[in-house]
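All remarks here apply to the structure that follows.
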Amino acid sequence: MVEERKVDVLIVGAGISGIGAAYHLRRDLPDRSFEVVDALDGPGGTWWTHRYPGARSDSDLFTFGYSFKPWRGPAIATAGEIRSYLEEVIAENDLAPLISYRTRATSASWSSDDALWTVEVARDGEVIRYTTPFLWMCQGYYGHSAGYTPTWSGMEQFTGPIVHPQQWPEDLDYAGKRVVVIGSGATAATLVPAMAETAEHVTMLQRTPTFFLPRPKTHELAETLRSLDTPDEWTHEIVRRAYFAQGEEIIKNSTEQPDAVRTLLLDGMRPYLPEGFEVEKHFNPPYRPWQQRIAVIPDGDMFHSISQGKASVVTDTIETFTPTGIRTSSGEEIAADIIVTATGFDLELFGGMDFSLDGAPVDFSTKLTHRGIMISDVPNMAYIFGYFRASWTLRADLVSQYVVRMLEHMKAKHATVVVPRLRPQDADMPLLPFMDPENVSSGYMMRSQEKMFKQGDREPWVHMKEFHEERHTLPVADLDDGLIYS
């Protein structure tokens, strides 16, 4: 028998976005019933999934933390510290009874006659059928079941384990072993120093360099304020604002003065690296700063591993795997007992769920985003997609506030349906890619363009703006601009 459940709002996902959405609903709309479903075994989304050595944030926790919950730890935090923080939010706001784990949403169908979504979820082999007037997709943007691993020649020859960070084996013993980490992003930069502590040697093998930014793990201003017994709420807000200003400046300069920012980043790495290290070869990407994420190196830990001879960097392409390691295109043989493919993930739209409107399947690749929050012609559904150059949570907070305001607006208009519709003046608007490669060129974004919804060339049909813009515009955005209520 199928279990039937009814709620005013159904939230899909119990990570940063879903927990934040639940908090805002409980605080601001206490008369609305809601539940949260998540396919994983516990809260945190990516922070639950990623258990590889040294897993940590690549954003500061004063902005990655919620606006409503002060962060009391170091600026750069481990995955475990972040999970503990999220568990505190759940406990302090009595959200646990409203969250169901190991509960995967598989399909959502909208009925115009009933003005309701029917969402089917699977849990322990059983099916639960939710009906809800409003669906809030907070599941993030990639699949948790498997990471992205390219196919290289000779992989079947290698005699050791090949591991992706997203499926890290709990019993993997790398002490005294030679390790090759393929990749150059934040995950690779985290793995290298963590594994180098006990491995014989760790080699980071990269096809293309990444910009790295060494930063103290702790924030001097935060430590000063805490030493003066400043209330946690004040410290949190003051340091957040300091990070806001710093982030806005570097993003602006990365576009207006990219060569100057490139020089600043490269010069910032040199003091941490051995004399004569080829910084331009290994850490000077062909793209401009912030066209892909800049990876933070807390206290320069990866550079210290290189300086101590525990780690090294090879910039080359792979010709083939061999039984005992990897041979690069230049002919270099890199010996390995373990190979880690820190090669990213595949973007998965809305958790891979099937969507239909009045029985017709939804092809999101033909739809437009509305403010990066709703989808054209899709009624009563919001989603959260965070910032690329700033902390994800900053946008999750703003979107939650917007959705609460919209739900209140619907109530004031006695409306049961809200749907984004193109206006007459938008009839000739082009469908532009989900991501402009001139602005963002990360591999996982580029690989997924064809299945993603599109954006237009004017408000409100655009997304991926910067936080320093939206923090002022989204809280006062016109709730009738492009939205139809009935």
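In terms of this note's numbering, the sequence shown opens at residue 1149 and continues consecutively. Glycine residues also receive a C-beta, built at the ideal position from the N, C-alpha and C atoms.
(1) Should alanine 1227 go down as buried or exposed, given a rule of 16 or more other Cβ atoms within 10 Å for buried?
(2) Just the C-alpha distance for proline 1623 and glycine 1288, rounded to the nearest angstrom, thanks.
(3) According to DSSP, is serine 1375 helix, strand or coil?
(4) Measuring CB atoms only, is the region 1562-1571 touching the region 1172-1189, in the sense that at least three cross pairs come out at less than 8 Å?
(5) The alpha helix (DSSP H) that contains aspartate 1449, what's its start and end?
(6) What span of residues does the alpha helix (DSSP H) with valine 1409 cover, start to end?
(7) How many whole angstroms separate the CB atoms of phenylalanine 1282 and valine 1185, which I take to be in contact at a CB cut-off of 8 Å?
(8) Quick check on DSSP: helix, strand or coil for tryptophan 1196?
(9) Near aspartate 1423, which residues of its chain fall below 6 Å by C-beta distance, leaving aside the five closest residues on each side in sequence?
(10) Between which two residues does the beta strand (DSSP E) carrying lysine 1154 extend?
(11) Around the Cβ of lysine 1429, are there at least 16 other Cβ atoms within 10 angstroms (buried) or fewer (exposed)?
(12) Could you tell me whether the region 1545-1559 touches the region 1504-1511, using the rule of 3 or more Cβ pairs below 8 Å?
(13) If you scan the region 1311-1378 from start to end, which runs of the beta strand (DSSP E) of 3 or more residues do you find wholly inside it?
(14) Measure from the alpha carbon of phenylalanine 1212 to the alpha carbon of each residue in Phe1425, Leu1631 and Gly1534, then state which is nearest.
(15) Need the endpoints of the beta strand (DSSP E) that phenylalanine 1469 sits in, please.
(16) Would you kindly check if the distance between the Cβ of lysine 1325 and the Cβ of alanine 1294 is under 9 Å?
(17) Spatial neighbours of threonine 1251 within its chain, please: C-beta separation below 8 Å, excluding the five flanking residues on both sides.
(18) How big is the Cα-Cα spacing for glutamate 1618 and isoleucine 1399?
(19) DSSP has alanine 1270 in a bridge; who is on the other side?
(20) May I have the straight-line CA-CA distance separating alanine 1344 from aspartate 1319, to the nearest angstrom?
(21) Taking leucine 1173 as part of the alpha helix (DSSP H), name the residues at either end of that continuous run.
(22) Could you pull out every unbroken beta strand (DSSP E) segment of at least 3 residues lying fully inside the region 1508-1544, listed in chain order?
(23) Locate the alpha helix (DSSP H) running through phenylalanine 1212, then write down its first and last residues.
(24) Given a threshold of 16 other Cβ atoms within 10 Å of its Cβ, counted over all protein chains shown, does arginine 1262 qualify as buried or as exposed?
(25) Which residues bound the alpha helix (DSSP H) around threonine 1463?
(26) Measuring only the C-alpha atoms, how far is aspartate 1506 from aspartate 1629?
(27) Using 8 Å as the threshold, is the region 1471-1489 in touch with the region 1240-1251, meaning 3 or more CB pairs across them?
(28) Tell me the DSSP secondary structure of aspartate 1574 in three-state form.
(29) Candidates Ser1259, Phe1601, Asp1208 and Leu1546: which alpha carbon is nearest phenylalanine 1615's?
(30) Run through DSSP, which three-state label would alanine 1393 get?
(31) Taking one C-beta from the region 1426-1441 and one from the region 1389-1409 each time, how about it: are there three or more such pairs within less than 8 Å?
(32) According to DSSP, simplified to helix, strand and coil, what is leucine 1631?
(33) Decide yes or no for the touch test of the region 1373-1392 against the region 1415-1422: beta carbon pairs closer than 8 Å, at least 3 of them.
(34) One question on the structure: do aspartate 1494 and tyrosine 1214 come within less than 9 Å of each other, judged by their Cβ atoms?
(35) Can valine 1157 be considered in contact with the ligand ZN, in the sense that its beta carbon sits closer than 8 Å to one or more heavy atoms?
(36) With a 10 Å radius around its C-beta and 16 neighbouring C-beta atoms as the bar for buried, classify histidine 1620 as buried or exposed.
In this structure, then:
(1) By 1-based counting over the sequence shown, the position of residue 1227 is 79. Answer is buried; the Cβ neighbour count reaches 16.
(2) Locating residue 1623 in the sequence shown gives position 475, counting from the first residue. Locating residue 1288 in the sequence shown gives position 140, counting from the first residue. Near 22 Å, if we compare the C-alpha coordinates of glycine 1288 and proline 1623.
(3) The residue you call residue 1375 lines up with position 227 of the sequence shown. In this structure, serine 1375 counts as helix in the three-state DSSP scheme.
(4) The region 1562-1571, when compared against the region 1172-1189, does not touch it at the 8 Å Cβ threshold.
(5) Along the sequence shown, one-based indexing puts residue 1449 at 301. Where aspartate 1449 is concerned, the enclosing alpha helix (DSSP H) starts and stops at 1449-1455.
(6) Locating residue 1409 in the sequence shown gives position 261, where the first residue counts as 1. For valine 1409, the enclosing alpha helix (DSSP H) begins and ends at 1406-1417.
(7) Start at 1 with the first residue of the sequence shown, and residue 1282 comes out as number 134. Start at 1 with the first residue of the sequence shown, and residue 1185 comes out as number 37. Actually they are not in contact, since the Cβ atoms of phenylalanine 1282 and valine 1185 sit about 14 Å apart, beyond 8 Å.
(8) Residue 1196 sits at position 48 when you count from the first residue of the sequence shown. Of the three classes helix, strand and coil, the one that applies to tryptophan 1196 here is helix, per DSSP.
(9) Taking the first residue of the sequence shown as 1, we reach residue 1423 at position 275. The sequence shown places glutamate at residue 1423, rather than the aspartate named in the question. Non-local beta-carbon contacts of glutamate 1423 in its own chain, meaning distances under 6 Å to residues more than five positions away in sequence, are absent.
(10) Residue numbering aside, residue 1154 sits at position 6 when the sequence shown is read from its first letter. Start and end: 1151-1154.
(11) What you label residue 1429 is simply residue 281 of the sequence shown in a count that begins at 1. Classification of lysine 1429: exposed, given that the 10 Å Cβ count is below 16.
(12) No contact exists between the region 1545-1559 and the region 1504-1511.
(13) Uninterrupted beta strand (DSSP E) stretches at least 3 residues long and entirely within the region 1311-1378 occur at 1326-1330, 1349-1354 and 1360-1363, given in chain order.
(14) Here residue 1212 refers to the residue found at position 64 when the sequence shown is read from its first residue. Ranking Phe1425, Leu1631 and Gly1534 by Cα distance to phenylalanine 1212 puts Gly1534 first.
(15) For this step, residue 1469 is matched to residue 321 along the sequence shown. If you look at phenylalanine 1469, you'll find it in the beta strand (DSSP E) that goes 1466-1470.
(16) The residue labelled residue 1294 in the question sits at position 146 within the sequence shown. The residue labelled residue 1325 in the question sits at position 177 within the sequence shown. Contact flag unset, no.
(17) Mapped onto the sequence shown, residue 1251 falls at position 103. These residues qualify, in order along the chain: Val1185, Asp1186, Ala1187, Val1269, Ala1270, Arg1271 and Ile1276.
(18) By 1-based counting over the sequence shown, the position of residue 1618 is 470. By 1-based counting over the sequence shown, the position of residue 1399 is 251. Answer to the nearest angstrom: the Cα atoms are 14 Å apart.
(19) Looking up residue 1270 in the sequence shown gives position 122. Among the bridge pairs identified by DSSP, alanine 1270 is matched with Arg1252 and Val1275.
(20) Walking along the sequence shown from the start, residue 1344 turns up at place 196. Walking along the sequence shown from the start, residue 1319 turns up at place 171. Straight-line Cα distance between these residues: approximately 17 Å.
(21) For the purposes of this step, residue 1173 is taken as residue 25 along the sequence shown, with counting starting at 1. Going by DSSP, leucine 1173 is part of the alpha helix (DSSP H) stretching over 1164-1176.
(22) Here the runs fully enclosed are 1529-1531.
(23) Here residue 1212 is taken as the residue at index 64 of the sequence shown, counted from 1. Segment 1209-1212, the alpha helix (DSSP H) holding phenylalanine 1212.
(24) Here the question's residue 1262 lines up with position 114 in the sequence shown. First, the amino acid is wrong: residue 1262 is aspartate here, not arginine. When all chains shown are included, aspartate 1262 counts as exposed.
(25) Reading the sequence shown from its first residue, position 315 is the one you call residue 1463. Not the alpha helix (DSSP H): threonine 1463 falls in the beta strand (DSSP E), residues 1459-1463.
(26) Looking up residue 1506 in the sequence shown gives position 358. Looking up residue 1629 in the sequence shown gives position 481. Those two C-alpha atoms are separated by around 25 Å.
(27) Cβ pair count under 8 Å is below three, so no.
(28) Position 426 of the sequence shown, counted from the start, is the residue given in the question as residue 1574. Helix.
(29) Working through the sequence shown from its first residue, we reach residue 1615 at position 467. Taking only the C-alpha atoms, the option nearest phenylalanine 1615 is Leu1546.
(30) For the purposes of this step, residue 1393 is identified with residue 245 of the sequence shown, where counting begins at 1. Three-state result, alanine 1393: helix.
(31) Because the criterion of three Cβ pairs below 8 Å is met, the region 1426-1441 and the region 1389-1409 touch.
(32) Position 483 of the sequence shown, counted from the start, is the residue given in the question as residue 1631. The answer is strand: DSSP assigns leucine 1631 an E or B state.
(33) The region 1373-1392 vs the region 1415-1422: no contact.
(34) Walking along the sequence shown from the start, residue 1494 turns up at place 346. Walking along the sequence shown from the start, residue 1214 turns up at place 66. No, they are not a contact pair.
(35) Among the components modelled here there is no ligand, and therefore nothing to report on the ligand ZN.
(36) As a first step, residue 1620 is located in the sequence shown; it is residue number 472 there, counting from the start. With fewer than 16 other CB atoms across the displayed protein chains lying within 10 angstroms of its CB, histidine 1620 is exposed.
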